[in-house]
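Numbering (our numbering), first residue to last: 65 to 355.
Structure first, commentary second.
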Amino acid sequence: MIKVVVIANCQAVPISRYIQQLSNEVEVIEAGVVLFLNDSKRDYFQKKFEEADYIIAQQINSNYPCQFVTTESLLKDYSSKVISIVNLFFSGYNPELRYIRMAEKGVLRGPLEDYHIHAIIDGYKAGLSVPETVALYSDFDYNEKRYKNSIHNSLDELRSRDSRTELQISDYIQDNLSKSKLFHTMNHPSEELLIKYSQMILSKIGVNYSYPSEVEKTESLAQITLPSNPYIVDTLKDFSDSHKVYKGRNVVFDENGVIKANGLKHYSLDELIEVYFEVYDKYPSILENLT
Numbered sequence: 065m066i067k068v069v070v071i072a073n074c075q076a077v078p079i080s081r082y083i084q085q086l087s088n089e090v091e092v093i094e095a096g097v098v099l100f101l102n103d104s105k106r107d108y109f110q111k112k113f114e115e116a117d118y119i120i121a122q123q124i125n126s127n128y129p130c131q132f133v134t135t136e137s138l139l140k141d142y143s144s145k146v147i148s149i150v151n152l153f154f155s156g157y158n159p160e161l162r163y164i165r166m167a168e169k170g171v172l173r174g175p176l177e178d179y180h181i182h183a184i185i186d187g188y189k190a191g192l193s194v195p196e197t198v199a200l201y202s203d204f205d206y207n208e209k210r211y212k213n214s215i216h217n218s219l220d221e222l223r224s225r226d227s228r229t230e231l232q233i234s235d236y237i238q239d240n241l242s243k244s245k246l247f248h249t250m251n252h253p254s255e256e257l258l259i260k261y262s263q264m265i266l267s268k269i270g271v272n273y274s275y276p277s278e279v280e281k282t283e284s285l286a287q288i289t290l291p292s293n294p295y296i297v298d299t300l301k302d303f304s305d306s307h308k309v310y311k312g313r314n315v316v317f318d319e320n321g322v323i324k325a326n327g328l329k330h331y332s333l334d335e336l337i338e339v340y341f342e343v344y345d346k347y348p349s350i351l352e353n354l355t
């Protein structure tokens with residue numbers, strides 16, 4: 065039995081699950097989600113690294129606070145075991161998504177958790193009504209001006225990072241992005257893509273694997289979903305997006321106006337914009353310098 069450790073962002077858990085489901089020759093002895101790791105876990109993971117035959121490690125910059133999982137550190141200590149993989153990231157379906165950072169307070173959250181939509185921000189700053197913002201969101205010229213090259217640019221960025229790893233997935237994404245939606249949001253790939261990448265990992269290790277039809281798909285990274293950008297839908301040949309509503313969080317405010325997420329909620333576009341406007345009413349100064 066080949067023993068494997070997987071180190072990555074939120075993609076670590078589904079990749080680990082599919083590696084094991086696709087092959088009975090591999091045992092994942094640990095899956096480390098880097099967001100939850102710190103140097104206090106160093107000794108535990110070093111034991112797992114020593115025990116493992118392979119360390120499947122997402123590229124992590126040298127300045128990352130948890131040093132023992134950086135690509136530089138892993139290659140230095142375990143170079144013969146490390147299989148470097150990329151963070152599966154593609155913003156081409158929804159290039160309108162962005163984060164709003166609040167200095168030391170982290171990111172501003174809303175009905176789509178950490179994500180915000182450019183057209184809704186622009187509508188709010190321009191003093192547009194909800195119906196007017198709906199129209200702006202769907203306006204072809206508005207979206208074309210901003211996102212005409214978004215698919216190309218995002219693929220180029222991924223291809224650049226992809227080329228520095230043991231496996232290349234960017235060509236598969238380019239060839240299949242019109243056949244089905246491969247990402248729920250830019251850093252949350254679909255199970256279809258995660259399974260394909262897991263198969264590529266197993267091929268690199270040199271073991272046999274099953275077909276995707278034999279794997280239970282759970283869409284574990286689909287907590288936040290939304291329709292693709294209207295311009296993208298219009299320009300991608302033969303593309304059909306099954307997402308028709310916006311799945312996010314129910315937003316409530318405590319007595320101090322602090323945003324709290326309270327369970328899942330499905331929104332129409334009108335409802336989504338109304339809630340974002342409520343959020344921005346609480347933090348108007350943060351939007352002043354956004355472009």
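All C-beta atoms in this analysis are idealised placements derived from N, C-alpha and C, irrespective of residue type, glycine included.
query	result
For Ser202, which residues in the same chain have their Cβ closer than 8 Å to its Cβ, ignoring the five residues on either side in sequence?	Pro294
Would you tell me roughly how many angstroms separate the C-alpha atoms of Gln287 and Ser218, rounded to the nearest one?	22 Å
Can you pull the DSSP bridge partners for His182?	Looking at the DSSP assignment, His182 forms no beta bridge with any residue, so it has no partner.
Which runs of the beta strand (DSSP E) spanning at least 3 residues fall entirely within the segment 101 to 138, listed in chain order?	118 to 122
Does the beta-carbon of Pro195 have 16 or more other beta-carbons within 10 angstroms, so that it is buried, or is it exposed?	exposed
For the beta strand (DSSP E) containing Ser148, list its first residue and its last residue.	Val146 to Ile149
Taking contact to mean at least 3 C-beta pairs separated by less than 8 Å, is the segment 263 to 281 in contact with the segment 316 to 332?	no
Keeping to the same chain, check which residues put their C-beta closer than 6 Å to that of Ile337; ignore five residues upstream and five downstream.	Ile184, Val194 and Thr197
Asn151: which of Asp226, His180, Val343 and Gly187 sits nearest, CA to CA?	Asp226
Look at the Cβ atom of Asn251, then the Cβ atom of Phe153, and state whether they are nearer than 7 Å.	yes
Taking DSSP as the reference, what is the three-state secondary structure of Glu256?	helix
How big is the Cα-Cα spacing for Thr134 and Phe113?	13 Å
Please report how far the alpha carbon of Ala167 lies from the alpha carbon of Ile350, in whole angstroms.	10 Å
Leaving out five residues on either side along the sequence, give the residues of the same chain with a beta carbon under 7 Å from the beta carbon of Val92.	Val68, Val70, Ser80, Ile83 and Gln84
Just to confirm my understanding: we take Gln122, look at its own chain, exclude 5 residues before and 5 after, and list those with CB closer than 6 Å. What are they?	Ala72, Ile149 and Asn151
Does the Cβ of Val146 have 16 or more other Cβ atoms within 10 Å, making it buried, or fewer, making it exposed?	buried
Answer yes or no: do Tyr344 and Tyr179 have a C-beta to C-beta separation smaller than 7 Å?	no
So, helix, strand or coil for Val279, using DSSP?	coil
Measuring straight from C-alpha to C-alpha, what distance separates Asp117 and Phe317?	49 Å
Express the C-alpha separation of Lys260 and Ser267 in angstroms, rounding to a whole number.	11 Å
Closest by CA to Thr299, which one among Lys140, Leu200 and Asn213?	Asn213
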